[in-house]
Each structure stands twice: as structure tokens, then as C-alpha cells.
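Count along the sequence shown from 1, add 492, and you get the number used in the working numbering.
The C-beta atom is built at its ideal place from N, Cα and C for all residues, glycine as well.
Notes to accompany the following structure.
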Amino acid sequence: IHNVFENRVDALRTLRELKLLRHVRHENVIALKDVMLPSVRSSFKDVYLVYELMDTDLHQIIKSSHQKESDIRFIDNPKAQRFIKSLPFSRGTHLSNLYPQANPLAIDLLQRMLVFDPTKRISVTDALLHPYMAGLFDPGSNPPAHVPIALDIDENMEERMIREMMWDEMLCYHPEAETANV
Numbered sequence: 493i494h495n496v497f498e499n500r501v502d503a504l505r506t507l508r509e510l511k512l513l514r515h516v517r518h519e520n521v522i523a524l525k526d527v528m529l530p531s532v533r534s535s536f537k538d539v540y541l542v543y544e545l546m547d548t549d550l551h552q553i554i555k556s557s558h559q560k561e562s563d564i565r566f567i568d569n570p571k572a573q574r575f576i577k578s579l580p581f582s583r584g585t586h587l588s589n590l591y592p593q594a595n596p597l598a599i600d601l602l603q604r605m606l607v608f609d610p611t612k613r614i615s616v617t618d619a620l621l622h623p624y625m626a627g628l629f630d631p632g633s634n635p636p637a638h639v640p641i642a643l644d645i646d647e648n649m650e651e652r653m654i655r656e657m658m659w660d661e662m663l664c665y666h667p668e669a670e671t672a673n674v
């Protein structure tokens with residue numbers, strides 16, 4: 493993640509992602525394998541995440557199209573907005589055309605999950621309660637996390653503190669560096 497501290501929201505989101513993905517182990521969630529440890533603790537700007545290999549390209553499924561101004565207002569990064577606006581128009585491909593043999597309920601769930609605007613996307617709870625998940629999800633058998641995951645991060649935290657907390661998360665992947673003078 494290039495220049496992670498350029499945007500405070502992105503920095504806080506990255507910190508939460510680091511904290512959460514360190515604990516998540518599930519077949520349907522891509523695993524975070526490593527976080528590259530920067531050479532300088534007090535002034536690093538970039539964060540490099542190493543994920544397990546995913547053999548699917550979501551870009552092939554989610555085709556770009558021109559977004560209306562109202563469809564991208566949730567993006568607070570001007571560079572990201574310009575990038576989205578610069579993408580060529582595409583009508584996309586309906587998932588049922590890509591997967592004609594798929595269960596229509598599965599297609600419906602995927603379409604609700606892949607909505608571009610996160611405020612219009614189906615919630616995790618609603619996705620788990622979707623009719624397609626009826627035979628797969630049992631609310632009573634959801635195991636709790638092995639350890640509590642503290643995601644209560646102060647939104648007004650100084651950049652220095654966010655950097656320190658990110659460093660602490662990185663050290664979880666490099667315990668040998670805790671004793672080194674980095």
C-alpha cells in the first residue's frame with residue numbers, strides 16, 4: 493500500500509485490516525501470510541502485504557463501467573475518483589451468462605455482494621441469512637474467535653500512533669525483529 497499515511501481513513505482502514513487478518517483463518521477468506529517489515533520504524537510510508545495466491549481474477553467478473561457522480565460520492569480519495577472516472581465504459585457481463593449452470597439463488601447473492609457502492613451492498617448478516625445460505629449457515633454453530641480482536645481504534649489518533657500500532661502488527665509476523673534494534 494503506497495504512502496499509506498497520505499489519507500487518514502486509508503491508514504486507519506489498513507491498521508484494522510492488519511489487526512483483523514492476523515486472526516482470521518477461514519477457507520473463504522484470503523489469508524495474509526506476511527507483512528514486510530520496513531527498515532525504518534519511525535518514518536515508513538509504504539506497507540507491503542503478502543497474501544496467499546488467489547487463482548481467480550475478480551476483474552474478469554466485475555467489469556468496469558462509467559459511474560455516475562452519485563455512485564462514487566462515497567470515495568473520498570480524489571485520485572481514486574479520477575481513476576474510476578477514467579475507466580472505459582463496459583456494460584459488464586451478467587453472472588448468469590458467465591455461470592449458466594449456477595443456482596439462481598447463488599447468482600442473486602453474488603450480485604448483491606458485488607455491488608460497487610458499499611452503502612448499497614448486502615450486509616454480512618443479510619448475506620448469511622440469504623436463502624442460498626439456508627443449508628450452509630447455522631447461526632448457532634458460529635464459533636467465537638479464539639482471542640478477542642480489539643478493533644476499537646481512536647479515529648482521531650495521531651499519525652505517529654497509527655504508525656506505531658502498524659509496526660506492532662508487523663512484528664507479529666517477524667517476532668525475531670522485536671529484539672533487534674530496528
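Between the CA atoms of residue j and residue i - distance to the nearest angstrom
i, j, result
"PHE575", "GLU661", "30 Å"
"LEU663", "ARG583", "44 Å"
"GLU668", "LEU529", "11 Å"
"PRO459", "SER615", "Nothing about residue 459 can be reported from this structure: the residues present for the chain run from 493 to 674 only."
"ILE654", "ASP618", "32 Å"
"ARG514", "TRP659", "13 Å"
"HIS494", "ASP538", "5 Å"
"ARG604", "LEU587", "11 Å"
"ALA626", "GLN593", "19 Å"
"ILE553", "LEU579", "At ILE553, the pLDDT of 48 sits below 50, so the modelled position is not reliable; the number obtained from the coordinates is stated separately. Taking the straight line joining both Cα atoms gives about 16 Å."
"SER531", "GLU670", "13 Å"
Distance between beta carbons of residue j and residue i, contact taken as under 8 Å
i, j, result
"ASN462", "ASN499", "Residue 462 is absent from the model: the chain starts at 493 and stops at 674."
"GLY516", "THR506", "Reading off the sequence shown, one finds Val at residue 516, where the question assumed Gly. Contact doesn't hold; Cβ gap of about 15 Å is too wide."
"GLU544", "ALA523", "5 Å"
Cβ-Cβ distance between residue i and residue j below 9 Å
i, j, result
"VAL609", "PHE566", "Here residue 609 is Asp; the residue named in the question, Val, does not match the sequence. Taking 9 Å as the Cβ cut-off, ASP609 and PHE566 qualify as a contacting pair."
"VAL542", "ASP526", "yes"
"MET649", "LEU512", "no"
"ARG613", "LEU606", "yes"
Three-state secondary structure assigned by DSSP to residue i
i, result
"LEU628", "coil"
"VAL501", "helix"
"LEU529", "coil"
"LEU663", "helix"
"VAL496", "coil"
"LEU541", "strand"
"LEU524", "strand"
"THR506", "helix"
"GLU647", "coil"
"PRO570", "helix"
"ALA598", "helix"
"VAL607", "coil"
"ARG652", "helix"
"LYS612", "coil"
"PRO580", "coil"
"TYR591", "coil"
"SER633", "helix"
Closer than 8 Å: residue i CB and nearest the ligand GTP heavy atom
i, result
"ARG613", "The ligand GTP is not among the ligands present in this structure, which contains no ligands whatsoever."
- prompt: Is there contact between the stretch 614 to 629 and the stretch 595 to 602, where contact requires at least three CB pairs shorter than 8 Å?
  reply: Result yes; three or more Cβ-Cβ pairs closer than 8 Å.
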